[in-house]
Every structure is written in structure tokens, then in C-alpha cells.
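Worksheet: one structure, shown below.
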Amino acid sequence: GCGGGGGGAEAGDRVPVVATTTQVADFVRAVGGEEVEVTQVLQPNSDPHDYEPRPDDVAALADAELVFVSGEGLDGWAEELVEDSGGDARIVNLGAMVRFPLPAEGEEAELHQLIRSTPAGIEMSERKIGIIRPKKTVQ
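The numbering of the sequence shown is my numbering, which starts it at 187 and goes up by one.
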């Protein structure tokens, strides 16, 4: 419908953000809420190592203010793609902000992923990475 009264930001007022993976996109949506318009590059069950840029991805990167990447070699193509898009988005490497290495595979890696994707894990991460929540403007 027209003009919903939810008090959220209008689509044009949201910060345009790109997230490389499904997990990062979920995280940014959870933290940014209605203040961000998230474009997710990778689709569920896709391998980041096999990623081939699509025109829509390049357009989203060109328009983005922030690009969130997992880092740690998972989505190393993102930085070059931002440059090639002609945009000037700030790249936020979440992996570089982790103070301890996470296991790469196996049951322990699955446990870490589960913890990071729970509401408590997201809240903890939000407190540690305060740069994700966009500053709200007072009108």
C-alpha cells in the first residue's frame, strides 16, 4: 500500500549497502534494520570461489556507500569489483575485525557459524563492530 506508517526510513533515505555473502547480508540487515537497503551478491548455496559478476551486482556496487565482505580470502574478488564498478564505497572487512582465528571447517566451524547467526551472537557482534549501524540524522 501507499505511505505505510511504520516510522521506518523511506527507500530513498536508506543507506545503500552491498554484502557479499548470505551470512553477511543477514548480519547487516539485522544490525542496520530499516536504515539500510541491502543488496546481497551471493545467493544461497552458491560458492564464493565460483562467483562470476553479474551486471546488477556491478550496478549495486557502483551505487553503494558501504560494502561488507567476509574477508579471510572468502570473497577476495569484492575489492577489485568495487574498483571496476566506478563506485567509491567504503569496504568493511568483517573478517579482519575478528581478534581470533575461527576454524575453517568441521564441527567446530559449524558451531561458530551457528553462534554468530543467533540473535545473541548478532547483538554481541553489533556491540563489537559499532561501525555497521548507520548514524541516524535528527530532522
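Virtual Cβ for every residue (Gly too), placed ideally from N, Cα, C.
From the options, residue whose alpha carbon lies closest to that of residue i
| i | options | result |
| --- | --- | --- |
| aspartate 242 | Ser256, Val278, Val268 and Asp233 | Val268 |
| alanine 205 | Leu280, Val253 and Leu260 | Val253 |
| glutamine 209 | Asp199, Ala246 and Leu260 | Leu260 |
| glycine 262 | Gly218, Ala216, Gly219 and Pro239 | Pro239 |
| alanine 264 | Val217, Gly218 and Leu228 | Leu228 |
| valine 282 | Ala245, Asp199, Asp270 and Gly257 | Checking the sequence, you will find alanine at residue 282 rather than valine. Checked all of Ala245, Asp199, Asp270 and Gly257; the closest Cα to alanine 282 is Gly257. |
| aspartate 236 | Thr207, Asn279 and Ala275 | Thr207 |
| aspartate 274 | Leu247, Leu280 and Val255 | Leu247 |
| alanine 245 | Leu280, Arg215, Asn279 and Ser271 | Ser271 |
| proline 234 | Arg215, Val255 and Ala216 | Val255 |
Identity of the residues DSSP links to residue i by a beta bridge
| i | result |
| --- | --- |
| alanine 282 | According to DSSP, alanine 282 bridges with nothing at all. |
| valine 222 | Val201 |
| phenylalanine 254 | Ala205 and Val278 |
Chain-order list of residues whose beta-carbon lies under 7 angstroms from that of residue i (same chain, five-residue window excluded)
| i | result |
| --- | --- |
| proline 202 | Glu223, Asp249, Ala250 and Glu251 |
| alanine 211 | Ala205, Val224 and Gln226 |
Start and end residues, beta strand (DSSP E) containing residue i
| i | result |
| --- | --- |
| leucine 267 | Run containing leucine 267: none in the beta strand (DSSP E); it sits in the alpha helix (DSSP H), 263-271. |
Any chain C beta carbon closer than 7 angstroms to residue i
| i | result |
| --- | --- |
| aspartate 236 | Of the protein chains in this structure there is only one, and it is not chain C. |
Bounding residues of the alpha helix (DSSP H) (the contiguous stretch that carries residue i)
| i | result |
| --- | --- |
| proline 241 | 241-249 |
8 angstroms Cβ shell around residue i - same chain, five flanking residues per side excluded
| i | result |
| --- | --- |
| glycine 190 | Here glycine 190 scores only 40 on pLDDT, less than 50, and its place in the model should not be relied on; the value that follows carries that caveat. Hits under 8 angstroms: none found. |
| arginine 200 | Glu220, Glu221, Val222 and Glu223 |
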